Amino acid sequence: MNAPRRQLCPICRRPLSPAPEAARLRPFCSKRCADIDLHRWLSGGYRVETDETTGSTGDDGGDER
Ligand SMILES: [Zn+2]
Numbered sequence: 004m005n006a007p008r009r010q011l012c013p014i015c016r017r018p019l020s021p022a023p024e025a026a027r028l029r030p031f032c033s034k035r036c037a038d039i040d041l042h043r044w045l046s047g048g049y050r051v052e053t054d055e056t057t058g059s060t061g062d063d064g065g066d067e068r
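Counting in my numbering, the sequence shown runs from 4 upward without gaps.
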């Protein structure tokens, strides 16, 4: 398969803007999406939906001081 190189915003699924200013907001397309992501983190309902394979296992937020 030939997947496009363009990265998509994990929040709204829109292709990221190539503008240098937008690069600061990556991996999000806008400040708004970054904010939404932050809120998801804070509310504890965050779910990673990327195809990237992170080399970390055991993501059970358990007894971590
Ligand atoms: Zn977005």
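Backbone N, C-alpha and C define an ideal beta-carbon position, used for all residues, glycine too. Model, not experiment: these values are computed from the prediction.
Grouping DSSP H, G and I as helix and E and B as strand, with all else coil, what is leucine 19?
Along the sequence shown, read from residue 1 onward, the residue named residue 19 stands at position 16. Residue state, collapsed to three classes: coil.
Arginine 43 CB to nearest heavy atom of ligand 1 below 6 Å:
By 1-based counting over the sequence shown, the position of residue 43 is 40. Closer than 6 Å to some heavy atom of ligand 1: that does not describe the Cβ of arginine 43.
Pop quiz: arginine 9 and leucine 19 are said to be a contact at Cβ under 8 Å. What is the actual Cβ separation, rounded to whole angstroms?
Taking the sequence shown and counting its residues from 1, the one referred to as residue 9 is at position 6. Taking the sequence shown and counting its residues from 1, the one referred to as residue 19 is at position 16. Going by Cβ atoms, the distance from arginine 9 to leucine 19 rounds to 7 Å, so yes, they are a contact pair.
Beta-carbon separation of phenylalanine 31 and alanine 37 under 7 Å?
If you number the sequence shown from 1, residue 31 lands on position 28. If you number the sequence shown from 1, residue 37 lands on position 34. It is a contact, given that the beta carbons lie within the stated cut-off.
Under 6 Å: does the beta carbon of arginine 27 sit that close to some heavy atom of ligand 1?
Residue mapping note: residue 27 aligns to position 24 of the sequence shown, counting from 1. Look at arginine 27: its beta carbon is at least 6 Å from all of the heavy atoms in ligand 1.
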